[in-house]
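Novice: In order, the protein sequences belong to chains A and B.
Going by the numbering used here, the first residue of the first sequence is number 8, and it counts up by one from there.
Going by the numbering used here, the first residue of the second sequence is number 5, and it counts up by one from there.
Each residue gets a CB set at the ideal place from its N, CA and C atoms; glycine is no exception.
Sending over a structure as structure tokens; questions will come in a sec.
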Amino acid sequence: MILDSKIPAGPLAEKWTKHKFSSKLVNPANKRKYDVIVVGTGLAGASAAASLAELGYNVKAFCFQDSPRRAHSIAAQGGINAAKNYQNDGDSVYRLFYDTIKGGDYRAREANVYRLAEVSVNIIDQCVAQGVPFAREYGGLLANRSFGGAQVSRTFYARGQTGQQLLLGAYSALSRQVATGKVKLYPRTEMMDVVVIDGQAKGIVTRNLITGAVETHAAHAVLLCTGGYGNVFFLSTNAMGSNVTAAWRAHKRGAHFANPCFTQIHPTCIPVSGDHQSKLTLMSESLRNDGRVWVPKTQETAEKLRKGQIKANDIKDEDRDYFLERKYPSFGNLVPRDVASRNAKYVCDEGRGVNETGEAVFLDFRDAIKRDGRDVIEQKYGNLFDMYMQITGENPYEVPMMIYPAVHYTMGGLWVDYNLMTSVPGLYALGEANFSDHGANRLGASALMQGLADGYFVIPYTLGDYLASIPPKKVEEDHPEFAKVKAEVEGRIQKLLSINGTKTVDYFHKKLGKIMWNECGMARTAEGLKKAKSEIQALRKEFWSDVKVLGANEELNQSLEKAHRVADFLELGELMVDDALNRNESCGGHFREEYQTPEGEALRDDENYAYVAAWKYMGEGVQEELDKEPLVFENVKLTQRSYK
Amino acid sequence: MKLTLKIWRQKNASDKGGFVAYPIDGISKDMSFLEMLDVLNEHLTEKGEDPVHFDHDCREGICGMCSLYINGKPHGPQQTTTCQLHMRSFNDGDTITIEPWRAKAFPVVKDLVVDRSAFDRIIQAGGYVSVRTGGVPDANEIPIPKTIADLAMDAAQCIGCGACVAACKNASAMLFTSAKISQLALLPQGQVERKTRAEKMVAQMDAEGFGSCTNTGACEAECPKGISITNIARMNREYFSAVVSSDNL
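Below, the structure is given as structure tokens:
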């Protein structure tokens, strides 16, 4: 199958403007005749639902949490990028575009990324107008900070809670539309499947998490804004409820899944403390503005540290290895995430890790506190330091933080064209749920940018183009396809409840997570991936014969919810392994040990792998088919990424 | 650590509910409180008993989904969210009592899970600036003094968990409501709808069945995000001045 990315012709800087003009419009009086379903209420979902309702469409918004304000976008800490050039430091739309393409290791579409950079400036205007209290300077204008992979300060922030403030802004816009009646909210409702009629998405099937009622909802278009799939690793910085179910069910109904092996391991997370651990906590990348990353120069010193014979502060400067500053003098501690993570792994593999498990490096604020004073550091990162103290019981103002990489974000996702439409007409994917803008590695502070760009400024235009092509006739839920899909969902629920095996859902999830982390995590090999594939298949078989899900469908049943999600992770995991195995190169977050430069950097193969790997579902237990969308670079030159 | 957990179990909204005691062993001081409950739930499931239901999601103290009234305090002994509470705050041999939020406006759904949609409806009543997407001025067009922006941010940090309501003997939602009213009343963007917002949000708060404020300050003391009670004073000023010069006559 040929995947048409629908990238408009013409010069890069004019593509989006031209495309908006050539897109068809729905006239204002007709908009009220179209129904749109938005699944997920994070940055992408809430902003899309609010903006579409403002235009006059009838929107139904769904989330599994008790309120749209809980979506996991809320946990984003550091900031949001925008090419405002308020700092007069040489930023521009083109520079943001270039940094993002390069940061993604040349595995994203030029046109999409340029559009993202272009609308980034509107996002900041929009959020300020909503009353988002961004950090300001004494003159009353907006403040900026720096993030990894950039040499300009273009990141806007609200203390260490930028995601929270942006989401509450989008949530307030959504709430306004709920009050006007243009949006109907369905909290504590989980999407279980998509309904496709004559090749077009026409609705969804949901489960009410309180009553267990399985319901159908019809619409002219369905938008999936359901986030990423990092929880396939069990331990990640994602929220406990974050899952792939909506995207995966869409995949099984015909939507291609692109680059599933592109996962981001974030360098600065609080290290794992034991087997009981349920999730990992991120310490914002913004900390690398002032914190210096180091380990002892020698294994012997590290050994003493691990045994508690010496303390970090006892180690003299000449015995410390500030390895990022040493290897990458021009970017220093602010190298992109994939580079920082990989280097932390290297020094720990060398036996220079600093905590009991040997899997941690220091992030030290001693010099910043000496330079700027404790007050300034507290102003910038107070809440993060408090969080660190709460979790570890140590005071980072006095001793260096300990950090280690953890799964944080997934660049892969549902394949979408330039209009954000998946390969199923009428079915869209926005935000982290799609694959489109970050290539093989996302730069810090770009996830918030993408979520809001998609929801506020892209989908309102591109959705109209599609809706204008279909008649405004009500989509009826009495079409037999709705009943058929509903019956399938109910059948699956009954199956899960009737297995009555011996092992809990978490048992399987943890086991899957270990396989994925060991073989499809920070470093991958063909041999390990092949092993992982057969292990996942065996685990999936065991799940369907021995999982224990208690209770009934007709009640709040958290085990049942989780069982559904883990069942889908067990299928996705295998596809991730297939994708990693197929991609015989290293790029960004995908690091195949067989393909590296002599210095241990990722070695791309542009000749053979400059494409989007889009996988097509072929049926239960059948090998998925790979469709390739070639990536064409007309504006940037592909080079070995260097941050030295 | 060895503990005894006294947990409120309630099958559904119409069930009467009651406490059940669960002994638990092998708890590490490094576990978070919710991880301790995860351990209990794994044991219960293995034994074929219905696991204890509780709300939680981000486990980073920011989504506001976790709740729990622990030993008579919302979010337990520390001024933080339950998900950030760690077992090192307890001692070996302790008995820990765990209840849901108790408030008329927060009905119990099951076990420790309550319905907090009343908070959403308060925001829907006016907790926003009425701007549409697009057509807004440049972000630096209106300078805002840093002190004002910081005060607005202090109020905006509310996570909507409902601890203030649970802490209050009157189950008042004044701290929650006032935090949003304050944030928007402080910022220039919120001026146009300032009066209407205060009137509508207060009216909705009352309609949901939350109690009134008697200035005991329990909400501020228990708020995991340190939202200040001065916001309530500001809300009262906003409300009264809105009522005497209402735009909605």
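So what does DSSP say about residue 192 of chain B, is it helix, strand or coil?
Specialist: Helix.
Novice: Determine, using beta-carbon pairs with one atom in the stretch 574 to 586 of chain A and one in the stretch 243 to 251 of chain A, whether at least three such pairs fall under 8 Å.
Specialist: The answer is yes - the stretch 243 to 251 of chain A touches the stretch 574 to 586 of chain A, with three or more Cβ pairs under 8 Å.
Novice: Hey, is residue 197 of chain A's beta-carbon within less than 8 Å of any beta-carbon in chain B?
Specialist: It does not; no Cβ of chain B falls within 8 Å.
Novice: Exposed or buried, which one is residue 214 of chain A when buried takes at least 16 other CB atoms within 10 Å?
Specialist: When all chains shown are included, residue 214 of chain A counts as buried.
Novice: Would a C-beta distance cut-off of 8 Å place residue 140 of chain B and residue 59 of chain B closer than the cut-off?
Specialist: Against a cut-off of 8 Å, the Cβ pair of residue 59 of chain B and residue 140 of chain B comes out as no contact.
Novice: Take the Cβ of residue 285 of chain A as the centre, count every other Cβ of all protein chains shown within 10 Å, and call the residue buried at 16 or more, exposed below.
Specialist: That one is buried.
Novice: Pull up the DSSP beta-bridge partners for residue 408 of chain A, would you.
Specialist: Partner(s): A:370.
Novice: Which runs of the alpha helix (DSSP H), 4 residues or longer, sit entirely within the stretch 89 to 159 of chain A?
Specialist: Counting whole runs of 4 or more residues, the stretch 89 to 159 of chain A contains the alpha helix (DSSP H) stretches 100 to 110 and 117 to 137.
Novice: When you compare the CB positions of residue 445 of chain A and residue 237 of chain A, do they come within less than 8 Å of one another, or not?
Specialist: Going by C-beta atoms, residue 445 of chain A is not nearer than 8 Å to residue 237 of chain A.
Novice: Would you decide whether residue 247 of chain B is buried or exposed? Buried here means 16 or more other CB atoms lie within 10 Å of its CB.
Specialist: Exposed, since its Cβ has fewer than 16 Cβ neighbours within 10 Å.
Novice: If we cut at 8 Å on Cβ distances, does residue 84 of chain B have a partner in chain A?
Specialist: Judged by the 8 Å Cβ criterion, residue 84 of chain B is in contact with chain A.
Novice: Roughly how many whole angstroms lie between the Cα atoms of residue 405 of chain A and residue 383 of chain A?
Specialist: Taking the straight line from one Cα to the other gives about 15 Å.
Novice: Residues of the stretch 241 to 269 of chain A in Cβ contact with chain B at a cutoff of 7 Å, in chain order, please.
Specialist: Answer set for the stretch 241 to 269 of chain A: 246, 247 and 248.
Novice: Can you find the residues in the same chain that come closer than 7 Å, C-beta to C-beta, to residue 160 of chain A, ignoring five residues on each side of it along the sequence?
Specialist: Within the same chain, residue 160 of chain A has close Cβ partners 94, 96, 151, 152 and 153.
Novice: Consult DSSP for residue 159 of chain B and reduce its assignment to one of helix, strand or coil.
Specialist: In the structure shown, residue 159 of chain B sits in a helix (DSSP, three-state: H, G or I).
Novice: DSSP puts residue 26 of chain B in a beta bridge; with which residues?
Specialist: Answer by DSSP bridge pairing, in chain order: B:9.
Novice: In the DSSP assignment, the alpha helix (DSSP H) including residue 445 of chain A goes from what residue to what residue?
Specialist: Unbroken run through residue 445 of chain A: none, as it is neither H nor E.
Novice: Please give me, in chain order, every unbroken run of the alpha helix (DSSP H) with length at least 4 that falls completely inside the stretch 222 to 308 of chain A.
Specialist: You should have 252 to 259.
Novice: Identify, in the order they occur along the chain, each residue of the same chain with its Cβ nearer than 7 Å to the Cβ of residue 103 of chain A, setting aside the five sequence neighbours on each side.
Specialist: Contacts found: 88, 90, 124, 127 and 161.
Novice: Could you tell me which residues DSSP pairs with residue 101 of chain B in its beta bridges?
Specialist: Residue 101 of chain B is bridged to B:10.
Novice: For chain A, check one thing: does any of its Cβ atoms lie closer than 8 Å to the Cβ of residue 42 of chain B?
Specialist: Answer yes: the Cβ-Cβ gap between residue 42 of chain B and chain A drops below 8 Å somewhere.
Novice: Starting from residue 145 of chain A, find everything on chain B with Cβ-Cβ shorter than 7 Å and list it in chain order.
Specialist: Result: 150.
Novice: Does residue 200 of chain B come within less than 8 Å of chain A when only Cβ atoms are used?
Specialist: Chain A contact via Cβ: absent.
Novice: For a quick check, are the C-beta atoms of residue 86 of chain A and residue 243 of chain A less than 8 Å apart?
Specialist: Against a cut-off of 8 Å, the Cβ pair of residue 243 of chain A and residue 86 of chain A comes out as no contact.
Novice: Would you say residue 185 of chain A faces chain B, with C-beta separation under 8 Å as the test?
Specialist: It does; some Cβ of chain B falls within 8 Å.
Novice: Name the two residues that bound the continuous beta strand (DSSP E) containing residue 441 of chain A.
Specialist: Note, residue 441 of chain A: premise wrong, no beta strand (DSSP E); not H, not E.
Novice: How is residue 110 of chain B classed by DSSP in three states: helix, strand or coil?
Specialist: Note: residue 110 of chain B maps to coil in three-state DSSP.
Novice: Looking only at its chain, what residues have a beta carbon closer than 6 Å to the beta carbon of residue 610 of chain A, apart from the 5 residues adjacent to it on each side?
Specialist: Result list for residue 610 of chain A: 593, 602, 603 and 604, in chain order.
Novice: Looking only at its own chain, which residues have a Cβ that is under 6 Å from the Cβ of residue 196 of chain A, when we skip the five neighbours before and after it?
Specialist: Same-chain partners within the cutoff: 69, 213 and 215.
Novice: Under DSSP, the alpha helix (DSSP H) around residue 210 of chain A begins and ends at which residues?
Specialist: Unbroken run through residue 210 of chain A is the beta strand (DSSP E), 207 to 215; no alpha helix (DSSP H).
Novice: Taking residue 242 of chain B as the reference, which of B:200, B:227 and B:92 has the closest Cα?
Specialist: If we check each option's Cα against that of residue 242 of chain B, B:200 comes out closest.
Novice: Are residue 34 of chain B and residue 79 of chain B close, meaning C-beta to C-beta below 8 Å?
Specialist: No; because the gap between Cβ atoms is not below 8 Å, this pair is not in contact.
Novice: Could you have a look at residue 633 of chain A and say whether DSSP puts it in helix, strand or coil?
Specialist: It is a strand residue.
Novice: Check the C-beta distance from residue 458 of chain A over to residue 439 of chain A and give it rounded, since I have them as a contact under 8 Å.
Specialist: Right, their Cβ atoms sit about 7 Å apart.
Novice: Could you tell me which uninterrupted beta strand (DSSP E) segments, each at least 3 residues in length, are contained entirely in the stretch 36 to 106 of chain B, listed from first to last along the chain?
Specialist: Counting whole runs of 3 or more residues, the stretch 36 to 106 of chain B contains the beta strand (DSSP E) stretches 99 to 103.
Novice: Which residues in chain D have a C-beta closer than 9 Å to the C-beta of residue 467 of chain A? List them in chain order.
Specialist: In the structure shown, chain D cannot be found, because the protein chains are A and B.
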